[in-house]
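Taken in sequence, the protein lines are chains A and W.
Each residue of the first sequence is one higher than the last, beginning at 1 in my numbering.
Each residue of the second sequence is one higher than the last, beginning at 1 in my numbering.
Protein chains: 2
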Amino acid sequence: MKFRGTVTIWLKEGIFDPQGAAVKGSLETMGFREVEKVRIGKSIVISLEAQGVEEAGKMLEEMAGKLLANPVTEAYRIDVEEEKAGADR
Amino acid sequence: MKFRGTVTIWLKEGIFDPQGAAVKGSLETMGFREVEKVRIGKSIVISLEAQGVEEAGKMLEEMAGKLLANPVTEAYRIDVEEEKAGADR
């Protein structure tokens, strides 16, 4: 079975996000004064083969913990769904 | 009312994603041969003040189209939710 996992990674709360601060500044310059906070993270979409959703989740957890995220500065969330045939993005 | 909008941005399908290809290569080296494709995008979380969810969505759409995404190479999705008091990430 094919699965699509999404690993979303952000800097932990409390760690300064210079990219987010720059975007917030640009938005304010454009007139968006309603913006209070901007945080920029990564969204990593991984298509993979697995026996089931549990195995896929376990593999993604290992990938995120060992390679994708920096556990000192970053927090992550994993979402898994079965990939529908023909669906593509 | 406070809202939290998430603008997720990917390179359009068909446009080569060198970052994704590099991560796929690293995962394979680590032994994850089940990985078929990796695409890396941005997840931009914006906290903002708006009258309602519709206004918040309209503002986020404008931010994404004018500043955050490059309409030539990137596709984006916007999710809006009301920010619960005390919730933070």
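We treat Cβ as the ideally placed atom computed from N, Cα and C, and that holds for glycine.
Given the structure is predicted, the values throughout are model-derived calculations rather than measurements.
- When DSSP reads this structure, W:Val35 sits in a beta bridge with A:Leu48.
- Between W:Gly20 and the set A:Lys58, A:Pro71, A:Ile40 and A:Thr6, the nearest pair of CA atoms involves A:Thr6.
- Bounds of any beta strand (DSSP E) do not take in A:Val53; it lies within the alpha helix (DSSP H) bounded by Val53 to Met63.
- The Cβ-Cβ distance between W:Glu74 and W:Phe3 does not fall below 8 Å.
- Under the DSSP assignment, A:Thr6 falls in the beta strand (DSSP E) whose first and last residues are Lys2 to Leu11.
- Separation of the CB atoms of W:Trp10 and W:Arg33 is rounded to 24 Å, and the pair is thereby denied contact status at 8 Å.
- In the three-state reduction of the DSSP assignment, W:Glu28 falls in the helix class, which pools H, G and I.
- Under the Cβ criterion of 8 Å, A:Met63 is counted among the residues facing chain W.
- Considering only W:Gly65, W:Asp17 and W:Glu54, the residue with the shortest C-alpha distance to A:Leu27 is W:Gly65.
- One thing to note: W:Val45 has its Cβ no nearer than 8 Å to the Cβ of W:Val80.
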